[in-house]
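If you count by UniProt numbering, then the sequence shown holds residues 1 to 153, one letter each, in order. In this text, a Cβ means the ideal position worked out from N, Cα and C, and glycines have one as well.
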Amino acid sequence: MLTDVKAFALSAAVLYIKFLVCTMIQGRKAFAAGTRMSEDNKLPQAKNAPKQGFADPTNYRVRAAVEEEMRWKRIIQNDLESMPMVFIVFWSAISVGVSATLTQTLLLVYTLARFGHTIVYSRSPPHARMVFWIIGMACIVAGALASIEAALS
Numbered sequence: 001m002l003t004d005v006k007a008f009a010l011s012a013a014v015l016y017i018k019f020l021v022c023t024m025i026q027g028r029k030a031f032a033a034g035t036r037m038s039e040d041n042k043l044p045q046a047k048n049a050p051k052q053g054f055a056d057p058t059n060y061r062v063r064a065a066v067e068e069e070m071r072w073k074r075i076i077q078n079d080l081e082s083m084p085m086v087f088i089v090f091w092s093a094i095s096v097g098v099s100a101t102l103t104q105t106l107l108l109v110y111t112l113a114r115f116g117h118t119i120v121y122s123r124s125p126p127h128a129r130m131v132f133w134i135i136g137m138a139c140i141v142a143g144a145l146a147s148i149e150a151a152l153s
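Here you go:
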């Protein structure tokens, strides 16, 4: 049987793995853009990549690669802005006795929204990205409000 604690653990684990995969993608994008530190030229990943630390911003391919790398940096940054707070909010919800069904539902929707956000952000459609971001934030706010209500009752 899935409890709210197990749902929390699953969400945290799945989102961490997603985050880790995103950092690996971003790292590859950085090598392709030549934006890693110059000492990274010694790493195996730099073998077929442009010389690191000396990207030519006037080159169209370099500019496109840098833009792609920035996209993945922003995906990671958005995860870092959202996920720590969601874990605090939902652990608080569990701790103060918010309905397990509500907590599980909000965690599931939030987790799916983060995946949706990452997928659409990587492909560029801003309106879809905004929708997934709003859904995720709504889950956090709903969890926070439910926690406040449970804590005060």
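N- and C-terminal bounds of the alpha helix (DSSP H) containing residue 27: 4–33
Just to check my reading of the structure: residue 30 and residue 67 have Cβ atoms closer than 8 angstroms, yes? What is that Cβ distance to the nearest angstrom? Their Cβ separation, rounded to whole angstroms, is 12 angstroms, which puts residue 30 and residue 67 out of contact at 8 angstroms.
Residue 136: which of 146, 33 and 79 sits nearest, CA to CA? 79
So within the segment 60–115, which uninterrupted alpha helix (DSSP H) runs reach at least 4 residues, ignoring any that extend past its ends? 60–96
To the nearest angstrom, how far is the alpha carbon of residue 152 from that of residue 60? 58 angstroms
Integer-rounded CB distance, given that residue 150 should sit under 8 angstroms from residue 96: 4 angstroms
How about residue 45 and residue 71: are their beta carbons less than 9 angstroms apart? no
Cβ-based neighbour list, residue 94, same chain, cut-off 7 angstroms, excluding 5 preceding and 5 following: 4, 5, 8 and 103
Residues in the same chain with beta-carbon distance under 8 angstroms from residue 118, minus the five sequence neighbours each way, listed in chain order, please. 18, 22, 75 and 79
Close-in-space but distant-in-sequence residues of the same chain around residue 128 (CB under 6 angstroms, 5 per side omitted): 120
Report the CB separation of residue 132 from residue 116 in whole angstroms; it is logged as a contact under 8 angstroms. 4 angstroms
Going by DSSP in three states, residue 129 sits in which element: helix, strand or coil? helix
Cβ neighbours of residue 65 in the same chain (closer than 6 angstroms, five flanking residues each side left out): 32 and 33
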